[in-house]
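Residue numbers (our numbering), protein chains in the order written: chain A, 1 to 300; chain B, 1 to 102.
Here is the structure we will look at, set down as structure tokens.
The following block contains the structure:
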């Protein structure tokens, strides 16, 4: 069952894009203003897109932080943070690996066979700095959503559709100036970069990914390694989008839980399961109460 | 002075995320430091820290639910009466940041 799901993983990314952007009437009748906009998508999904049905967690967070500049009060986007933290605690970065449409675009572009460039792991920590600077600091100080102004996902999902097919596309085309050119350049740079490197935007920039990575260390679901079956062939490392040794990859919060390693492993030494740390505690508790754990591992 | 103001603001932001309860700063900040220290400890890959990791998982899960509930309820204390209606009113208009204009 899991193998079948892994084979159609990209289908889920496409499906989530249509679910979160299903208001197609928006292109002729204007942006969606229904009650679903009270809630945010679990990934960057620009709410300025005429067909967007949910709000963007990054956009609304910045808006709430601008109150520091506008009203001198510290207001926290509690719902967004509660939502993102609870997702990362239960599912880790599963949303990034399976549902994020921009992640899907990058993963598909990376399938083009050409020279591949490895992103050094320390560089991926830049996303925490970007989160701090662009989501909290600059909106609080300047009162403007700076990440949205530069966001390549916004350019792709909202900027381009608004200018190309929106109801006011003519007027918006006249308004768009050098900043929009800069946004398009950033988008183009990331799309080209995706051909050569694995998911560069997700790993280095995405603020939602930064929250998921930080709290994903505590996530309930993990990829589990059965060392008895592992032959150290390193096939899993070749396909891993975070380009880390498998032991480090599965225990770091950066794992997308995309299951590429599970799919690649011929010996079935990798599988989805509960976090090893919690299993250790539960096993000790079970043994303390005199219960024996059943051995569920099957030989390959 | 302004830098100090921003520092307090950031401390406020992170402490209200990791300890979202209305308590005096004398309790809030030491507790925030303690929680941060425990989270940093959890970053080490050591099987002896399994209990701490489970404890932090439970704590963070409770905190995230608390954040969700307080975010979805109407608060008269905040300058924003309801967070969800604020999201809706903000996300229901084209902010034009997507084409680089505010």
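No residue lacks a Cβ here, since even glycine has one placed at the ideal position from N, Cα and C.
Whether residue 63 (chain B) touches residue 18 (chain B) by CB criterion (8 Å): yes
query: Taking Cβ-Cβ distances below 9 Å as the criterion, which residues of the segment 72 to 87 of chain A are in contact with chain B?
result: 73, 74, 75, 76, 77, 78, 79, 80, 81, 82, 83, 84, 85, 86 and 87
field: Residue nearest to residue 99 (chain B) in terms of C-alpha spacing, selected from A:123, A:29 and A:163
entry: Among A:123, A:29 and A:163, the Cα nearest to that of residue 99 (chain B) is on A:163.
- prompt: Which residues in the same chain have their Cβ closer than 6 Å to the Cβ of residue 30 (chain A), if we skip the five residues on either side of it in sequence?
  reply: Here the set comprises 167.
message: Rounding to the nearest angstrom, what Cα-Cα distance links residue 47 (chain B) and residue 216 (chain A) in this structure?
response: 18 Å
message: Run through chain B and tell me which residues come within less than 7 Å of residue 159 (chain A), C-beta to C-beta.
response: 98 and 99
task: Please report the residue range of the alpha helix (DSSP H) in which residue 8 (chain B) lies.
output: 2 to 18
- prompt: Of all Cβ atoms in chain B, is any one closer than 8 Å to the Cβ of residue 46 (chain A)?
  reply: yes
message: Run through chain B and tell me which residues come within less than 9 Å of residue 241 (chain A), C-beta to C-beta.
response: The premise fails here: residue 241 (chain A) is roughly 21 Å from chain B at the closest Cβ pair, so nothing lies under 9 Å.
message: Under 8 Å, Cβ to Cβ, is there at least one residue of chain B near residue 221 (chain A)?
response: no
- request: Please decide whether residue 29 (chain B) counts as near chain A, where near means a Cβ-Cβ distance under 8 Å.
  value: no
task: Could you tell me which of A:45, A:33, A:58 and A:25 sits nearest to residue 207 (chain A), measuring between CA atoms?
output: A:58
message: Buried or exposed for residue 53 (chain A), going by 16 or more other Cβ atoms inside 10 Å?
response: buried
- request: Return helix, strand or coil for residue 223 (chain A), following the three-state DSSP convention.
  value: strand
Against chain A: residues of the segment 42 to 65 of chain B by CB proximity under 8 Å: 42, 43, 45, 47, 49, 50, 51, 53, 54, 56, 57, 60, 61, 63, 64 and 65
task: Inspect the beta-carbon positions of residue 56 (chain B) and residue 12 (chain A) and report whether they are closer than 8 Å.
output: no
Expected contact under 8 Å - CB spacing of residue 155 (chain A) and residue 69 (chain A) to nearest Å: In fact, because the Cβ distance is near 25 Å, the residues do not count as touching under 8 Å.
- request: Can you tell me which of A:88, A:134, A:14 and A:173 puts its alpha carbon nearest to the alpha carbon of residue 66 (chain A)?
  value: A:134
field: Segment contact flag, the segment 74 to 92 of chain A with the segment 250 to 266 of chain A, C-beta cutoff 8 Å, min 3 pairs
entry: The segment 74 to 92 of chain A makes contact with the segment 250 to 266 of chain A: 3 or more CB pairs, one atom from each, lie closer than 8 Å.
message: Which same chain residues end up closer than 6 Å to residue 240 (chain A) when comparing Cβ atoms and leaving out the 5 residues on each side of it in sequence?
response: 249 and 261.
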